[in-house]
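Engineer: Start counting the sequence shown at 3; every next residue gets the next number (the working numbering). My questions all concern the structure below.
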Amino acid sequence: MTELISVSRKNELPLKGENTSLFLQVIISIAIFIFAITLSGVLSINSMIDNWNKSILGSVTVQILPTNTADKEKSMAELMAYEEKAVDFLKSVNGVIKVTPLTNEQLNELLQPWLGDEVSVSDLPTPRIIDVKIDKNANINFQQLAQDLAVASPQASLDNHQLWLNKLIDFADGLNLIATTILALITAITSGAIFYTTQMSMGLHKNIIEILHIIGAKDTYIAQQYAKRMAYLGLIGGLFGLFFAIPSIFFIADLANSIKGGIINDANLSVLDWIFVLILPLFSMLISMITAYYTVKNTLKKMI
């Protein structure tokens with residue numbers, strides 16, 4: 003690997019004037035553009051799953067259905083009474099950290115994306131919702147808890163989100179697998195383009211390479227010159243691809259943020275995630291350099 007990094011100070015091969023250089027830069031730019039967007043998607047999905055685990059696994063939701071009566075005031079009074087009984091019971095359960103009944107304003111905010119601004123929760127037979135925070139280390143039998151809750155407050159039902167969360171995680175894992183496959187394919191295709199471009203260049207400069215061999219140049223020396231040139235093309239192509247990818251990432255993020263109240267809002271990029279995205283030009287430079295170096299070395303071995 004040290005011989006790969008030790009690049010020659012002189013370039014006897016006229017690699018800078020090749021017509022394939024622009025083609026390879028365009029290929030690398032497109033590859034890094036797609037790679038950056040796909041990578042940001044993978045990292046966002048991972049952060050979304052992590053946020054779901056933090057916010058959902060440590061909580062359960064209790065729903066109290068309204069009684070079926072034409073008397074609105076009586077129905078609301080009974081509903082609030084059932085809510086109070088449920089709250090008192092939940093506070094007595096070991097492992098429960100906090101019990102928070104949602105207010106009408108909070109319920110209205112949750113339902114607003116579906117009901118619209120003109121509909122008020124107070125005008126509808128809306129169930130009462132209680133948010134319950136649970137110690138992550140607590141060993142709670144949720145099935146038994148649901149049965150005990152139904153006894154304490156007959157109109158109350160328990161949802162620990164586990165089934166819903168598992169489906170979301172399976173969906174996110176599927177997207178993650180697809181995105182990771184795309185990243186692998188992009189890397190393979192880019193490496194293939196560098197491989198064939200390097201071989202084409204060696205064919206064009208076959209006579210010069212033979213002369214260099216005659217005067218004592220080693221395969222490593224020739225491979226280093228190709229590695230240096232391809233590293234430069236990989237870096238420039240990567241920078242161009244990243245230049246166009248970053249505005250696209252922000253545009254997609256802005257579209258996601260416009261979905262108010264959606265679970266996709268939990269997807270975001272941390273500082274470390276952005277570092278991974280921003281160093282992609284260095285990644286393309288490294289891939290280009292290594293691919294070109296070993297392509298030349300292996301090709302020259304077959305030529306001798």
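All C-beta atoms in this analysis are idealised placements derived from N, C-alpha and C, irrespective of residue type, glycine included.
#1: Taking 7 Å as the cut-off, is the C-beta of residue 85 nearer than that to any heavy atom in the ligand ZN?
#2: Since residue 190 and residue 38 should fall inside the 8 Å C-beta cutoff, what is the C-beta to C-beta distance between them, to a whole number of angstroms?
#3: Sort 128, 301, 94, 230 by Cα distance to residue 104 and report the nearest one.
#4: Give the C-beta separation of residue 140 and residue 40 to the nearest angstrom, bearing in mind that I take them to be a contact with Cβ-Cβ under 8 Å.
#5: At a cut of 8 Å, does the stretch 292-302 reach the stretch 227-241 through at least three beta carbon pairs?
#6: Under 8 Å, with one C-beta from each stretch per pair, do the stretch 198-218 and the stretch 249-258 reach the 3-pair mark?
#7: Quick check: the stretch 73-93 against the stretch 128-138, are at least 3 beta-carbon pairs closer than 8 Å?
#8: For residue 283, count neighbouring Cβ atoms within 10 angstroms of its own Cβ and tell me buried if that reaches 16, exposed if not.
#9: Cα separation between residue 144 and residue 242?
#10: For my contact list, residue 240 and residue 30 are in at a C-beta cut-off of 8 Å; report their separation, rounded to the angstrom.
#11: Nearest-angstrom Cα distance between residue 44 and residue 176?
#12: Does residue 33 pass the burial test, meaning 16 or more other C-beta atoms within 10 Å, or should it be called exposed?
#13: Among residues of its own chain, excluding the 5 on either side of residue 156, which ones have a beta-carbon nearer than 8 Å to its beta-carbon?
#14: Have a look at residue 100 and residue 260 and give me their C-alpha separation to the nearest angstrom.
#15: Using DSSP's beta-bridge definition, name the partner residues of residue 160.
#16: Tell me which residues share the same chain as residue 136 and place their Cβ nearer than 7 Å to its Cβ, disregarding the 5 neighbours each side in the sequence.
#17: Look at the alpha carbon of residue 113 and the alpha carbon of residue 28, and state the distance between them as a whole number of angstroms.
#18: Would residue 179 pass as a contact of residue 134 if the rule is Cβ separation under 8 Å?
#19: With H, G and I counted as helix, E and B as strand and the rest as coil, what does DSSP make of residue 132?
#20: According to DSSP, is residue 69 part of a helix, a strand, or is it coil?
#21: Give the range of the beta strand (DSSP E) segment to which residue 100 is assigned.
#22: Taking the alpha helix (DSSP H) that residue 220 belongs to, which residues open and close that run?
#23: Give the secondary structure of residue 28 by DSSP, where H, G and I count as helix, E and B as strand, and everything else as coil.
#24: Given this structure, state the Cα-to-Cα distance separating residue 244 from residue 68, to the nearest angstrom.
#25: Buried or exposed for residue 102, please, with buried defined as at least 16 other CB atoms from any protein chain shown within 10 angstroms of its CB.
Structural biologist: Quick answer:
#1: With respect to the ligand ZN, the structure shown offers nothing to examine, as it has no ligands at all.
#2: About 17 Å; that fails the 8 Å criterion.
#3: 128
#4: Residue 140 to residue 40, Cβ: 39 Å. No contact.
#5: yes
#6: Not touching, per the Cβ criterion.
#7: yes
#8: buried
#9: 54 Å
#10: 6 Å
#11: 11 Å
#12: Its Cβ being crowded by 16 or more others within 10 Å, residue 33 is buried.
#13: If we look at residue 156 and ignore the five residues flanking it on each side, its Cβ neighbours are 84.
#14: 31 Å
#15: For residue 160, which the question treats as bridged, DSSP gives the partners 64.
#16: 60, 61, 62, 97, 98, 99, 142
#17: 48 Å
#18: It is not a contact, given that the beta carbons lie outside the stated cut-off.
#19: strand
#20: coil
#21: 98-103
#22: Residue 220 -> no alpha helix (DSSP H), and no H or E assigned at all.
#23: helix
#24: 55 Å
#25: By the 16-neighbour rule on beta-carbons within 10 angstroms, residue 102 is exposed.
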